[in-house]
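My numbering numbers the first residue of the sequence shown as 462 and each following residue consecutively. Even for Gly, the Cβ is constructed at its ideal location relative to N, Cα and C.
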Amino acid sequence: MARHSSSMNLAAATLPLALAACATSPPAKFYTLNAQTPQENVHLATPVSIAIDKVSVPEMVDRPQFVLRTSAAQVRIDEYTRWAEPLKEQIAHVLAADLAQSLPGALVSTTEQWDQQDQSYRVSIEVQRFESVPGDAATIAALWTVRSAKTGKADSGRTFAQEPLSSQSYDELVDAHSRALADVSADIARAIHATLPP
Numbered sequence: 462m463a464r465h466s467s468s469m470n471l472a473a474a475t476l477p478l479a480l481a482a483c484a485t486s487p488p489a490k491f492y493t494l495n496a497q498t499p500q501e502n503v504h505l506a507t508p509v510s511i512a513i514d515k516v517s518v519p520e521m522v523d524r525p526q527f528v529l530r531t532s533a534a535q536v537r538i539d540e541y542t543r544w545a546e547p548l549k550e551q552i553a554h555v556l557a558a559d560l561a562q563s564l565p566g567a568l569v570s571t572t573e574q575w576d577q578q579d580q581s582y583r584v585s586i587e588v589q590r591f592e593s594v595p596g597d598a599a600t601i602a603a604l605w606t607v608r609s610a611k612t613g614k615a616d617s618g619r620t621f622a623q624e625p626l627s628s629q630s631y632d633e634l635v636d637a638h639s640r641a642l643a644d645v646s647a648d649i650a651r652a653i654h655a656t657l658p659p
């Protein structure tokens, strides 16, 4: 009975410590990527519809938490700094919004919101790098393909965008990633415009 009592006393003593540790955990912060004002607009002679068909990201960053690179061989996962929605979905929505601004008159959205028969173009994006180094840079490297729904012809390209960071601020980091995505959408917009009749 004495041993049992000691175990119970130990558990009772450690419980307040555990509760105190939980009580002092910092609240999680949630962030979203945002569309950017394009540096140039491409006015379309003929209205087109564009669907963001598929977005993939590296498995390492395909999680709610921010993944921060601390060295060439090491990353840190910040449990209390998170994306407000899955990164793949955010990227798709932001690219759609960016393209809509870059191509005035185009109807741009994500695949689930379109009848495939109405798509003039389908866009798929493979994000190969999505790196966050606070105080240094935000980097995105993406392969993208633009496919005509009518002809089946595809045009592919690769965009590398790196935005410098001047502080450890997560707000600055997220804004930099948003600007990098705007570079990706600008390249896609130019590829679509190049396929259209004059």
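Pull the bridge partners of residue i from the DSSP assignment, please.
i       : result
Tyr-661 : With the chain running from 462 to 659 in the structure shown, residue 661 is simply not present.
Ile-511 : Val-569 and Tyr-582
Gln-535 : Ser-532
Hey, residue i and residue j: beta-carbon distance below 8 Å or not?
i       : j       : result
Leu-548 : Arg-537 : no
Leu-494 : His-654 : no
Leu-642 : Asp-597 : no
Val-607 : Ala-599 : no
Leu-564 : Leu-505 : yes
Ala-561 : Ile-513 : no
Ser-581 : Ser-646 : no
Glu-587 : Ser-517 : yes
Gln-497 : Arg-640 : yes
Ala-553 : Thr-571 : yes
Lys-515 : Ser-628 : no
For residue i, which residues in the same chain have their Cβ closer than 8 Å to its Cβ, ignoring the five residues on either side in sequence?
i       : result
Arg-543 : Ala-489, Lys-490, Phe-491, Tyr-492, Pro-525, Gln-526 and Phe-527
Glu-540 : Ala-489 and Gln-526
Asp-648 : Trp-605, Gly-618 and Thr-620
Could you tell me which of the options sits nearest to residue i, measuring between CA atoms?
i       : options                               : result
Glu-501 : Asp-644, Val-588 and Ser-570          : Asp-644
Asp-636 : Glu-520, Val-555, Glu-550 and Thr-507 : Val-555
Tyr-631 : Thr-571, Ser-581, Leu-657 and Val-594 : Val-594
Ala-610 : Thr-531, Arg-583 and Leu-634          : Arg-583
Between which residues of its own chain and residue i is the CB-CB distance below 6 Å, once the five residues before and five after are set aside?
i       : result
Gln-589 : Ala-602
Thr-485 : none
Thr-656 : none
Gln-623 : Ala-598 and Thr-600
Looking only at its chain, what residues have a beta carbon closer than 7 Å to the beta carbon of residue i, apart from the 5 residues adjacent to it on each side?
i       : result
Ala-650 : Val-503, Leu-560, Ser-563 and Leu-564
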